[in-house]
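Chains as they are written, first to last, in my numbering: chain A, 1 to 439; chain B, 1 to 248.
From the three backbone atoms N, C-alpha and C, an ideal C-beta is built for every residue, glycine too.
Just so we're clear, the structure is a prediction, and the values are computed from it rather than from any experiment.
A short write-up of the structure that comes next.
In C-alpha cells form, the structure reads like this:
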C-alpha cells in the first residue's frame with residue numbers, strides 16, 4: 001500500500017504568464033510554486049514560450065528552480081537566434097516541488113509583442129528503487145529487496161531475514177518458521193551462498209494428522225563437516241532433522257541426503273552454523289502423502305469394494321455379502337457397512353462377517369408337518385417338504401409341497417408366489433373295513 | 001338296526017350319536033366342524049331345538065364309552081323347507097349342526113364324503129345303514145349301546161311308492177314319498193333301520209370311497225315284509241349344504 005496523494009496537492013496543472021496569450025505587461029516579477037505529493041517528481045512541458053530575447057536572458061526571463069538550484073533560465077522563442085529556449089524537452093524536477101519565476105523589465109520593445117509562456121505540469125512517480133545509490137555513503141535504500149510503489153517504495157527481505165524497524169535494512173531471523181501447506185520449498189538463509197556466521201535457524205513443517213512429510217534435498221548441499229579419526233562429523237555446522245518419537249538426525253557434508261520419508265506429520269529442522277567455517281547451505285522441497293491403512297482383507301461369503309492397490313487416509317471401503325448372507329457386526333445384523341481409513345493408519349471399524357441368512361421356522365401346517373430335504377435347518381437354500389397326516393388328510397390339489405429358504409428370507413415354493421399348503425380331510429375311507437365272510 | 005351286526009371298530013368312523021332332550025338319534029360327520037342329520041331330530045313341535053340341549057358323541061362304537069366325551073354345538077341349521085308339524089311330512093328332512101370345536105380326524109373319526117355332482121342311486125345297488133337305534137336278536141327287539149349296521153339295496157322309487165300306497169290302504173295316514181327321498185331295504189323284511197337310527201347315514205360306495213347317499217328319515221314299522229326304509233336323498237341338497245357351511 002502507498003499513501004494516497006494529498007488531496008490539496010494537484011497531480012497536474014497548467015501555468016502561464018500574465019495576460020497570456022496577450023503580450024505580458026512590463027515590469028513584472030511573478031512566482032509560481034508547484035508542489036505534488038511526496039514520492040513524485042514534476043515534469044514541466046512548455047507548450048509555448050515567447051519572451052523577449054536577450055543575452056543570458058538579462059531583461060525578461062522565466063527561471064525554473066528546484067529548491068534553490070536553477071534548473072533553467074529561458075527567454076526568446078523557438079525561432080529566435082538569441083535567448084535560450086527550452087525546445088520540446090520537458091524539465092523533470094528531482095523532487096516533488098518546482099518554482100517558476102517570471103520577470104520583465106520596464107522597457108518592453110513595442111516592435112515585439114511577446115506573449116510570455118504557457119506550460120503544463122504533471123506528477124511523475126519516482127522509481128526510488130532504480131535511483132543510483134547516494135554518494136553520501138548511507139548505502140542503498142533497501143539492504144535486500146526494494147519494491148517501487150506509486151509515490152513511495154517498500155523494502156523487503158529474503159527468507160531467513162526480517163526487516164528492521166528502520167524499514168530499510170534486514171537482519172538475520174530464521175527461527176520459528178512454520179510451514180503448514182501440503183507442499184513447499186525451504187532453503188537456508190542466503191542459499192546458495194553462505195550466510196553470516198553464527199546462526200541458528202529453526203523450521204517446523206506441520207501438516208494435518210493423516211499426512212506424512214517427505215523431504216527431498218536438492219543436489220547442491222553443503223554443510224561443513226569436520227574430519228575426525230572416526231570419520232567426518234557434524235561438529236560445528238549441521239542441519240538436524242527431528243521427527244516425533246525418533247532420534248534426531250544430524251546432516252552435514254557435501255552429499256545431499258536426497259529423499260527422506262519421515263512418516264510423520266511433524267518435522268523440525270534446526271540449522272546451526274558457528275562463527276567459523278563456511279557452509280553454503282541447503283535447499284529442499286517437501287511434500288505430503290496420505291497415511292496408508294493396511295489392506296482390509298477379505299470376507300468369507302462377501303466382498304470388499306473398491307479394490308485398490310493401496311488404501312490411504314480418508315479412503316472408504318464398503319462390504320457386501322453374497323446372496324443369501326447378511327452383514328453381522330458384533331453379533332448384530334447391519335443393513336450396510338462402510339469404514340474409513342483414519343489419520344492413525346487404522347480402519348475405524350473392523351470388517352464385518354457374512355452370516356448365512358435364516359428364514360426362521362417354516363410355517364406349521366395344520367394336520368400336517370414338514371421335513372428338511374436339504375440344507376441345514378432354516379438356512380438359505382434349505383428345502384422343506386410339507387406333508388399331511390395321512391391317511392386322514394391329504395394335500396390340497398397339486399400345491400407345491402417343497403419350499404426353499406430364499407435370499408429374501410422367505411420360504412418360497414418353486415413359484416414366486418408364496419402359497420401355503422393346506423391339508424384337506426380324506427372322506428369316506430375308513431382304516432378298517434367290514435368284512436363278512438359268511439354266505 | 002334290524003337284522004344287522006355289530007360294527008367293528010373304525011369301520012364307520014363318521015357315525016355320530018345325538019342325544020336331544022333324552023331322545024336318541026344319529027348323524028354323520030361331513031367336515032371338521034359339521035354334522036349332518038335328519039331335521040326331525042332337531043325340531044320339536046315345529047321349533048329348532050337349542051344347541052344347548054344337544055349332546056353329540058363320536059369316535060367309538062360303544063355308547064357307554066362315547067358318553068365320556070360329548071362335543072358341543074354352536075348352531076343348528078334346519079332345511080328352510082322342512083315343515084312337519086304332524087309327523088306326516090318328512091320332505092326336506094335334513095339339518096346341519098355346527099360344532100363348537102374343530103375335530104382332528106383319525107382312524108375313529110373321519111368325515112363321510114358328500115355325493116358327487118350328478119350322483120346316481122341305482123336300484124339294487126347295495127348300501128350300508130348304521131346306527132345306535134332299536135336292534136333285534138331275531139326274536140325280540142331292544143335298545144342297543146353298540147353301533148350296528150346292515151347292508152341294504154336301493155329300492156326302485158316306483159316299487160317303494162307302490163309299497164307305501166299299499167300300506168296306506170290298510171293303515172290310513174302315513175307320510176308321502178317325495179323325490180327328495182329314496183327307499184332301501186328288502187321286500188321280505190327283516191333288515192332295516194329303526195327308531196333311534198334317524199339321522200344316521202345310508203352310504204353307497206364308489207371307487208372304495210363311502211359317500212352319504214341318504215339320511216335315515218322314516219318308515220312303516222321296522223323290517224316289515226313289503227315295506228322299506230325311507231331316506232332323505234342327500235344328492236338333492238348339495239347346494240344348500242355348501243351354502244349353509246360357507247355362510248356359517
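- Message: With H, G and I counted as helix, E and B as strand and the rest as coil, what does DSSP make of residue 250/A?
- Response: Position 250 of the first chain holds residue 250/A. Looking at residue 250/A - three-state DSSP - the assignment turns out to be strand.
- Task: Would you identify the three-state DSSP class for residue 112/B, choosing helix, strand or coil?
- Result: Counting from one through the second chain, the residue named residue 112/B turns up at place 112. DSSP places residue 112/B in coil when its eight states are reduced to three.
- Query: In this structure, does DSSP put residue 236/A in helix, strand or coil?
  - Reply: Within the first chain, numbered from 1, the residue matching residue 236/A stands at position 236. The answer is coil: DSSP assigns residue 236/A none of H, G, I, E or B.
- Determine which residues of the segment 105-118 of chain B have a Cβ less than 7 Å from any Cβ of chain A, and write them out in chain order. Correct list: 105, 106, 107, 110, 111, 112, 113.
- Leaving out five residues on either side along the sequence, give the residues of the same chain with a beta carbon under 6 Å from the beta carbon of residue 153/B. Translated into the one-based positions of the second chain, residue 153/B becomes position 153. Around residue 153/B: 124, 126.
- Message: Considering only DSSP beta bridges, list what residue 71/B is partnered with.
- Response: Reading the second chain from its first residue, position 71 is the one you call residue 71/B. Paired residues: 56/B.
- Message: Going by C-alpha to C-alpha distance, which of 255/A, 291/A, 120/A sits closest to residue 347/A?
- Response: Translated into the one-based positions of the first chain, residue 347/A becomes position 347. Nearest to residue 347/A by alpha-carbon distance, out of 255/A, 291/A, 120/A, is 291/A.
- Message: For residue 334/A and residue 262/A, what's the separation of their Cα atoms in angstroms?
- Response: One-based indexing of the first chain puts residue 334/A at position 334. One-based indexing of the first chain puts residue 262/A at position 262. In a straight line, the C-alpha of residue 334/A is about 39 Å away from that of residue 262/A.
- Can you give me the Cβ contacts of residue 133/B inside the same chain, cut-off strictly under 6 Å, excluding the 5 residues immediately before and after it? Here residue 133/B refers to the residue found at position 133 when the second chain is read from its first residue. Closer than 6 Å at the Cβ level, and outside the excluded window around residue 133/B, lie 194, 195, 196, 197.
- Message: Taking CB distances under 7 Å as the criterion, tell me whether residue 207/B reaches chain A.
- Response: By 1-based counting over the second chain, the position of residue 207/B is 207. No - not a single Cβ of chain A is within 7 Å of the one on residue 207/B.
- Query: Taking the Cβ atom as the reference point for each residue, do residue 385/A and residue 402/A lie within a distance shorter than 7 Å?
  - Reply: Looking up residue 385/A in the first chain gives position 385. Looking up residue 402/A in the first chain gives position 402. Yes, they are a contact pair.
- Sequence-distant residues of the same chain with beta carbon closer than 6 Å to residue 192/B, five excluded per side: Taking the second chain and counting its residues from 1, the one referred to as residue 192/B is at position 192. Answer for residue 192/B: 2, 185, 222, 223, 229, listed in chain order.
- Task: Within its chain, find whatever has a CB closer than 6 Å to the CB of residue 72/B; leave out the 5 residues flanking it on each side and keep chain order.
- Result: Position 72 of the second chain holds residue 72/B. Counting only Cβ-Cβ distances below 6 Å, and skipping sequence neighbours, we find 100.
- Query: Cβ atoms of residue 78/B and residue 52/B: under 7 Å apart, would you say?
  - Reply: The count along the second chain starts at 1 and reaches residue 52/B at position 52. The count along the second chain starts at 1 and reaches residue 78/B at position 78. No. Outside cutoff.
- Task: Hey, could you find the ends of the alpha helix (DSSP H) residue 240/B is sitting in?
- Result: Taking the second chain and counting its residues from 1, the one referred to as residue 240/B is at position 240. Start and end: 238-247.
- Query: residue 107/A lies in the beta strand (DSSP E); which residues open and close that run?
  - Reply: Sequence index remark: in the first chain, residue 107/A carries index 107 (1-based). No beta strand (DSSP E) holds residue 107/A; DSSP gives it neither H nor E.
- Closest residue to residue 4/B among 146/B, 187/B, 68/B (Cα-Cα distance): Within the second chain, residue 4/B is the residue found at index 4, counting from 1. Nearest option by C-alpha distance: 146/B.
- With DSSP as the reference, please indicate the residues paired to residue 78/B in a beta bridge. Position 78 of the second chain, counting from 1, holds the residue named residue 78/B. Answer is 95/B.
- Just curious, the beta strand (DSSP E) that residue 136/B is in, first and last residue? The count along the second chain starts at 1 and reaches residue 136/B at position 136. Run containing residue 136/B: 134-136, per the beta strand (DSSP E) assignment.
- State the Cα-Cα distance for the pair residue 138/B and residue 148/B, rounded to the nearest angstrom. Here residue 138/B refers to the residue found at position 138 when the second chain is read from its first residue. Here residue 148/B refers to the residue found at position 148 when the second chain is read from its first residue. Answer to the nearest angstrom: the Cα atoms are 14 Å apart.
- Message: Buried or exposed for residue 336/A, going by 16 or more other Cβ atoms inside 10 Å?
- Response: As a position in the first chain, residue 336/A is number 336, starting the count at 1. Residue 336/A comes out exposed.
- Query: Just the Cα atoms here: how many angstroms apart are residue 111/B and residue 150/B?
  - Reply: On the second chain, position 111 is the one that residue 111/B refers to. On the second chain, position 150 is the one that residue 150/B refers to. Answer to the nearest angstrom: the Cα atoms are 20 Å apart.
- Query: Within 7 Å (strictly less), CB to CB, does residue 429/A reach chain B?
  - Reply: For this step, residue 429/A is matched to residue 429 along the first chain. Yes, its Cβ sits closer than 7 Å to a Cβ of chain B.
- Look at the alpha carbon of residue 247/B and the alpha carbon of residue 300/A, and state the distance between them as a whole number of angstroms. For the purposes of this step, residue 247/B is taken as the residue at position 247 of the second chain. For the purposes of this step, residue 300/A is taken as the residue at position 300 of the first chain. Taking the straight line joining both Cα atoms gives about 57 Å.
- Message: Buried or exposed, going by whether 16 or more other CB atoms sit within 10 Å of the CB of residue 1/A?
- Response: In the first chain, counting from the first residue as 1, residue 1/A sits at position 1. Note that residue 1/A scores a pLDDT of 49, beneath 50, so its modelled location is shaky and nothing firm can be said.
- Item | residue 52/A beta carbon less than 7 Å from that of residue 114/A | For the purposes of this step, residue 114/A is identified with residue 114 of the first chain, where counting begins at 1. For the purposes of this step, residue 52/A is identified with residue 52 of the first chain, where counting begins at 1. Using a Cβ distance threshold of 7 Å, residue 114/A and residue 52/A count as a contacting pair.
- Query: With distances taken between CB atoms, is the gap from residue 425/A to residue 351/A smaller than 7 Å?
  - Reply: Locating residue 425/A in the first chain gives position 425, where the first residue counts as 1. Locating residue 351/A in the first chain gives position 351, where the first residue counts as 1. No, these two residues do not count as a Cβ contact at 7 Å.
- State the Cα-Cα distance for the pair residue 97/A and residue 119/A, rounded to the nearest angstrom. On the first chain, position 97 is the one that residue 97/A refers to. On the first chain, position 119 is the one that residue 119/A refers to. So the alpha carbons of these two residues sit roughly 15 Å apart.
- If you scan the segment 51-102 of chain A from start to end, which runs of the beta strand (DSSP E) of 3 or more residues do you find wholly inside it? 61-66, 69-74
- With DSSP run on the structure shown, which of helix, strand or coil describes residue 216/A? As a first step, residue 216/A must be located in the first chain, where it is residue number 216. Residue state, collapsed to three classes: strand.
- Under the three-state reduction of DSSP, which class applies to residue 11/A: helix, strand or coil? By one-based count along the first chain, residue 11/A stands at place 11. Residue state, collapsed to three classes: coil.
- Message: Using C-beta distances below 7 Å, list every residue in its chain close to residue 20/B, excluding the 5 sequence neighbours before and after it, in chain order.
- Response: Here residue 20/B refers to the residue found at position 20 of the second chain. Closer than 7 Å at Cβ, skipping near neighbours: 41, 42, 49, 53, 54.
- Message: Assuming the contact rule is C-beta atoms closer than 8 Å, residue 85/A and residue 49/A should be a hit. Round their C-beta distance to whole Å, please.
- Response: Mapped onto the first chain, residue 85/A falls at position 85. Mapped onto the first chain, residue 49/A falls at position 49. Confirmed, about 6 Å.
- How would you list, in chain order, the residues of chain A whose beta-carbon sits under 7 Å from the beta-carbon of residue 10/B? For the purposes of this step, residue 10/B is taken as residue 10 along the second chain, with counting starting at 1. The contacting residues are 430, 431, 432.
- Mind pulling the chain D residues with CB within less than 9 Å of residue 149/B? Given the protein chain composition of this structure (A and B), no chain D is represented.
- Query: Where does residue 115/A sit, in a helix, a strand or coil, going by DSSP?
  - Reply: The residue you call residue 115/A lines up with position 115 of the first chain. If DSSP states are grouped into helix, strand and coil, residue 115/A belongs with coil.
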